[in-house]
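Protein chains in written order, with numbering that gives the first Met the number 0: chain A, 0 to 216; chain B, 0 to 216. Each remark here refers to the structure printed beneath this line.
There are 2 protein chains.
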Amino acid sequence: MPNALRVAVDLVVFTIRDGALQALLIRRGVPPFEGEWALPGGFVLDETLEAAARRELEEETGLQHVYLEQLYTFGDPGRDPRGRVVSVAYFALIRPEPVRASTDAAEARWFPAAKPPRLAFDHAAILEAGLRRLRAKLGYTTLGSQLLSEEFTLTQLQSLYQTLLERRFDKRNFRRRVLSLGLVRPVRGKTARGAHRPAQLYTFRSGPIQVLDDPIL
Amino acid sequence: MPNALRVAVDLVVFTIRDGALQALLIRRGVPPFEGEWALPGGFVLDETLEAAARRELEEETGLQHVYLEQLYTFGDPGRDPRGRVVSVAYFALIRPEPVRASTDAAEARWFPAAKPPRLAFDHAAILEAGLRRLRAKLGYTTLGSQLLSEEFTLTQLQSLYQTLLERRFDKRNFRRRVLSLGLVRPVRGKTARGAHRPAQLYTFRSGPIQVLDDPIL
DNA sequence: CCAAAAGTGTTGAAACTACACCCATGG
DNA sequence: CCATGGGTGTAGTTTCAACACTTTTGG
């Protein structure tokens, strides 16, 4: 019988806060890398890999029904000083607001995804992979919907794309595009939120994420 | 300490034969699923996951320096009757010709990727995932280069795309496209192979696979 | 000389880009 | 009344899709 390894899941959890993409990190309370920042995660029990990821995510954030997708599996010998650990990374998207990003024991905080602190293990590489995946899929899926609240203005949607892709779009062209693709549907009512002219609210037509025949960008 | 699982790699190995996409399958010589067809693969030793995949691939096909890419990780409890096995699937592309798809002991054969025989474990799902990945990446990377010999005619390249995507392209438009993208460079000399007018041979400009700014299709 | 694949241009339609001003509201 | 973000149309350019005939070679 071949040697036994341990299998873990690690989570790259993204949200938008203060107009920037942020990732959830945990301060480790136990060795190895005690006191350092790391991705949330843990060992897989008698459950599917995705269930393990959901369980860890709920333990850390209290959130359920979150968009979750398998990212990549990291398994180099030596990536964990405790021994051979193969880690299946998932990435999760959290809508703004109702986040209590603090768990019972360990400290949990949001950090700018672009420049995180020094991370334990190979977690910097995992985070990096999550970022690449997010950026890539933004263009040809409706993934972005999972980073906004259910109802949003077109300006918010445009800012999302501009923030993540570090690119600027023309307002009229952007609106024409998403509208003509039929991805999004106006909602009766307005947002009073601004101290300015109220904006029409929209929702994504499709509940689950879909891959587009022709890309948004 | 958490429960120990075992980690395996499984390989979806594609090639083009007889003008069709084929996948390499192995007849299992031992239980479980003895006598049934399965993807090549095996348990991970003290090596990286990719190294494990390469090792298994060389054992089965004798091939080295093959294009290999991690595909997805399958880990449902119960997917392997022997106990909990998490399998990291890789997919590999083999150029035509120099394949001895037969290993020492077990029987190995190519099957049409679109309609394989009944497969052991959850290997049908893994194969399916490989197919989807291949088709998707064909459009926006130079992945296809790994399924052709180093030098090829534009007609061969077009057939490759048509076969995999089950779609027909206009010859002039196709050629204009790949040529104007500068992906491909003519080679001095012709192919005498046909009983017809000789065709110009081309090679891909870039050795390794690259992601394209704007897609081929 | 014939079968078979190689090679090559044009045109109309559609999509894309760049660009500037008026509107509605809260303070 | 003014500052702030919301909302809208057009024209020039580029890209895309559809389409058919001549060329070269081996047998």
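Yeah, the Cβ is synthetic: ideal placement off N, Cα and C, and Gly gets one too.
With respect to B/V65, B/L56 sits close: the two C-beta atoms are nearer than 8 Å. Annotation: Cβ neighbours of B/G74 in chain A (cutoff 8 Å, chain order): V6, V43, T47, L48 and V87.
For the region 56-72 of chain A, the residues whose beta carbon sits under 9 Å from a beta carbon of chain B are, in order, Q69, Y71 and T72. Secondary structure note for B/T140: it is in no alpha helix (DSSP H), with a DSSP letter that is neither H nor E. Taking a contact as a CB-CB distance under 8 Å, the pair A/Y201 and A/E150 counts as one, their CB atoms being some 7 Å apart. Within the region 143-177 of chain A, complete alpha helix (DSSP H) segments of at least 4 residues are found at 153-164, given in chain order.
B/L182 places its beta carbon 8 Å or farther from that of B/R132.
A/F13 is positioned such that its CB atom lies closer than 8 Å to that of A/L20. Closest in C-alpha terms to A/P80, from the list A/L67, A/E33 and A/L137, comes A/E33. By the Cβ test, the region 166-174 of chain A is not in contact with the region 123-137 of chain A, since fewer than three Cβ pairs between them sit closer than 8 Å.
With distances taken between CA atoms, B/Q155 lies nearest to B/G18 out of B/T72, B/G18 and B/L38. If you check the CB distance, B/L24 and B/R134 do not come in under 8 Å. Of the residues B/E35, B/Q63, B/V84 and B/L67, the one whose Cα lies closest to the Cα of B/G41 is B/V84. One thing to note: A/P115 has its Cβ within 8 Å of the Cβ of A/A22. Under the rule that a run must span 4 or more residues, the alpha helix (DSSP H) segments found entirely inside the region 30-91 of chain A read 48-60.
Relative to the Cα of B/D212, the nearest Cα in the group B/I125, B/T140 and B/T72 belongs to B/T140.
The three-state secondary structure of A/L182, taken from DSSP, is coil.
Measuring C-alpha to C-alpha distances from B/G143 to each of B/F110, B/F203 and B/E106 identifies B/F203 as the nearest. Here DSSP, grouped into helix, strand and coil, assigns A/I125 to helix. When A/L118, A/A123 and A/L159 are compared, the shortest CA-CA separation from A/G138 is found for A/L159.
Excluding its 5 nearest sequence neighbours in each direction, B/V6 has C-beta neighbours in its own chain below 6 Å: V43 and V85, listed in chain order. When only Cα atoms are considered, A/A119 and B/L62 end up about 37 Å apart. Under DSSP, B/R26 shares a beta bridge with B/W36. In the three-state reduction of the DSSP assignment, A/A113 falls in the coil class. Counting only residues of its own chain and dropping the five nearest sequence neighbours on each side, B/R16 has a CB closer than 8 Å to the CB of P95 and W109.
Buried is the label assigned to A/H122, since at least 16 other Cβ atoms lie within 10 Å of its Cβ. Within the DSSP secondary-structure output, B/A107 pairs in a beta bridge with B/I25. For A/F13, the enclosing beta strand (DSSP E) begins and ends at R5 to R16. DSSP places B/L211 outside both helix and strand once states are collapsed to three, so it counts as coil.
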